[in-house]
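Below is one structure, written out as structure tokens; comments come after it.
In this note's numbering, the protein residues as written are 202 to 643.
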């Protein structure tokens, strides 16, 4: 039964202090939604551009293979030669020869063509191979795009997580400073000990140091995202609050079915197996005859085609059928066929192995995604419990019925619970995109 869930709930992000900016605060600040980040990453990715060119090359080679089969080879040629007299050795090669005069200047201008009629089906197999290579390059291009999208999403979500953590720690520091002022007031009135004040100040100092670490994490995450988006390192990027995104939850078999239709690894392996099958057919075609039609037409001077020869221009046209049969291939091809057959069988096994790997990857990604969704539910409950616990401990502490350690522990537990919820929300989205990438539909 399909359940519709809200992956990232809008109000939760507002509870965590992550709001949409009404206006840009700086000319150097770039607010991006994830789809916008994907577009920029695809535009600036060198890997995608390389793969696009590879795909274009494969397409050009495929078109060339089709033309090679359909159109004849046409050649234009011409020669201009000078010939010497012909020495005749009437009394042996060591005796002085008799020189016979010949026409010394020879010209030959013409054209010839050759059209394949049958070449053991090799040309058609080459077209099939080039077409398959082009299809393979398209799948590889889509895989690169999907990988770049997932990497961008991962970096985008990492920055989003750091910003949420910063808002949480900043709000918590404000609360702790307010609480510290209250405790100092109680200390001045002799209600609490000086050690309580020192403990709270020490705990507040740790939070401020944690804020420094988080701010550095933001700078690091921003630079990584800037690089993949093609932006300057100093560019400030702020992820937009995600819209409410409804995701249909399906059983594992549904995702597996999609993966077997769209998985890049599966289809790459499939195309490689097809190429091996085509190569086996090409090797078997080595023992087939070659048939073609050829023709030639030329002008030549002098006329030496018919006797008596004369120094005049003449023309001649020839057309015919050429048939050859590679007899030596009958014994040379035995081991070639055997090797090609084993290569094909190897690719078939590799394809089955890839299918197993796809099933395993989909299963793992599916379970981790479900686990992340469960973690959100648990973290939401933990936050409620931690908030209630912190409220109770704070009341009892200021009523002098609990210790400062209890108060600090409750505050830390609340902060940690909020961190865990934010991390769970981001992790769930990350796992969702990972599952989509593995399936091949990101």
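For every residue, glycine included, the Cβ atom is placed at its ideal position computed from N, Cα and C.
Query                                                                                                                                  : Result
Short Cβ contact (7 Å threshold) for residue 319 with residue 495                                                                      : no
Pair within 7 Å by beta-carbon distance, residue 547 and residue 484                                                                   : no
Inter-residue CB distance, residue 500 and residue 310 (contact presumed, cutoff 8 Å)                                                  : 5 Å
Contacts around residue 473, its chain only, beta-carbon distance under 6 Å, and the 5 residues preceding and following it disregarded : 548
Whether residue 636 touches residue 573 by CB criterion (7 Å)                                                                          : no
Straight-line Cα distance separating residue 502 from residue 289                                                                      : 24 Å
Ranges of the beta strand (DSSP E) found wholly within the segment 366-447, counting only runs of at least 3                           : 437-440
Rounded distance between the beta-carbons of residue 249 and residue 349, thought under 8 Å                                            : 6 Å
Sufficient close CB pairs (3 or more, under 8 Å) joining the segment 356-376 to the segment 411-419                                    : yes
Alpha-carbon to alpha-carbon, residue 235 and residue 671                                                                              : Summary: the structure shown does not reach residue 671, with the chain confined to residues 202 through 643, and so no result is reported for it.
Where the alpha helix (DSSP H) containing residue 604 begins and where it ends                                                         : From DSSP, residue 604 is part of no alpha helix (DSSP H); its letter is neither H nor E.
Those residues which DSSP pairs with residue 317 across a bridge                                                                       : 493
Option nearest residue 400 by Cα separation, candidates 498, 604 and 619                                                               : 604
Three-state class that DSSP yields for residue 642 in the structure shown                                                              : coil
Residues that residue 300 bridges to, as DSSP identifies them                                                                          : 288
Rounded straight-line distance, which links the Cα of residue 268 to that of residue 275                                               : 13 Å
Residue 614: CB within 6 Å of a non-hydrogen atom of the ligand GTP                                                                    : The ligand GTP is absent from the structure shown, which contains no ligands of any kind.
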